Amino acid sequence: MHQSYKKLLDEHLSKIKPFFDVNFLSTPNKKNPLVKFSKKISEDTPLLVLMAGCHGEEPAPTLSIFKNYKLISNTAKKYHVNLVIYPLVNPWGFDRNKRLNKKSLNCNSNWIHKKNNQIADEVKIISRDLKKLKPKIFASIHEDDETKKEFYIFSFGERKYENPILKIGGKYFPILQDGKYDDIEVINGVVYDRHDGSAEDFMFHRGVKFSCCSETPSKQSISKRIKCNIDVILKLIEIASK
989 MHQSYKKLLD EHLSKIKPFF DVNFLSTPNK KNPLVKFSKK ISEDTPLLVL MAGCHGEEPA
1049 PTLSIFKNYK LISNTAKKYH VNLVIYPLVN PWGFDRNKRL NKKSLNCNSN WIHKKNNQIA
1109 DEVKIISRDL KKLKPKIFAS IHEDDETKKE FYIFSFGERK YENPILKIGG KYFPILQDGK
1169 YDDIEVINGV VYDRHDGSAE DFMFHRGVKF SCCSETPSKQ SISKRIKCNI DVILKLIEIA
1229 SK
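Numbering (my numbering), first residue to last: 989 to 1230.
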């Protein structure tokens, strides 16, 4: 079992502050405060926004960020890319290995194309903050417990950015074969233009050039998933600079 959110904050937050501006989006003394990491290189450099931990049973993306913040920061500096990171959208679920939040709401739904008024508080808080930003690229880092060992992505916008990410995923896992999987269609490892109300859908409608969601297979080794996720993040920084 991975560390609790509180232990991650206690162990890493003071170490992260020299590399990122740290802001709480909800009251810091609450049990599960939402946190944002920001790094501004300059006014005229592109912005990459990263999000992790929408689903609590998908820990590797969040752990990738907390355990590799220095590498992420240094890579952003190398490629002159501004960063905003929401490292854990669903802390309550993360601590309990539960997909949904405390109110049994999905933190990856109803960002846009709202089906009802049952919107997670985490979505309300972070979406308000996202509306202040104008990123070039947005990426939500996820995991999938339905695929056995494959990697794939959801994609919106400019398709030239897809292959670099798939190449990284392919270093660690097979790319998901073409086909229909429940209600999604995968072609060349990509589910393209699926308007499902997710965070990446929301950001595409806000005008980013490329908005995506990466999916590593959660049934595989967590150390391997963490390595894959951090390499995906580093590649996203690189391609955002171009």
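Glycine is no exception: its CB is placed at the ideal position from the N, C-alpha and C atoms. All of these numbers come straight from a predicted model, not from anything done at the bench.
Query	Result
Status (buried if at least 16 other CB within 10 Å, exposed otherwise) for residue 1191	buried
Uninterrupted beta strand (DSSP E) stretches inside the stretch 1140-1218 (no shorter than 3 residues)	1140-1145, 1167-1169, 1172-1174, 1178-1180, 1198-1205
Cβ-Cβ distance between residue 1099 and residue 1189 below 8 Å	yes
When 1125, 1115, 1142 are compared against residue 1132, the one with the closest alpha-carbon	1142
Three-state secondary structure (DSSP) of residue 1068	coil
Spatial neighbours of residue 1224 in its chain, beta-carbon cut-off 8 Å, leaving aside the 5 residues before and after	1036, 1038, 1125, 1127, 1153
Neighbour-count burial assignment, residue 1245, 16 or more Cβ in a 10 Å radius	Since the first residue shown for the chain is 989 and the last is 1230, residue 1245 is missing from the structure and cannot be characterised.
Best match in 1057, 1000, 1204, 1179 for proximity to residue 1136 [C-alpha to C-alpha]	1204
Coil, strand or helix - residue 1260 by DSSP	Outside the shown range of the chain, which is 989 to 1230, sits residue 1260, and nothing can be said about it.
Cα-Cα separation, residue 1166 to residue 1095	28 Å
Identified DSSP bridge partners for residue 1039	1074, 1128
Best match in 1147, 1083, 1117 for proximity to residue 1175 [C-alpha to C-alpha]	1147
Cβ pair residue 1088, residue 1027 closer than 8 Å	no
Outcome for residue 1002 when other beta-carbon atoms lying within 10 angstroms are tallied against a minimum of 16	exposed
Distance, residue 1020 Cα to residue 1107 Cα	18 Å
Any non-hydrogen atom of the ligand ATP within 7 Å of residue 1200 CB	What this structure holds is no ligand at all, so the ligand ATP is not there to describe.
Whether residue 1075 touches residue 1041 by CB criterion (8 Å)	yes
Supposed close pair residue 977, residue 1068 - CB separation, criterion 8 Å	This structure does not reach residue 977, given that the chain is present from 989 up to 1230, and the question cannot be answered.
Buried/exposed call for residue 1052, threshold 16 Cβ in 10 Å	buried
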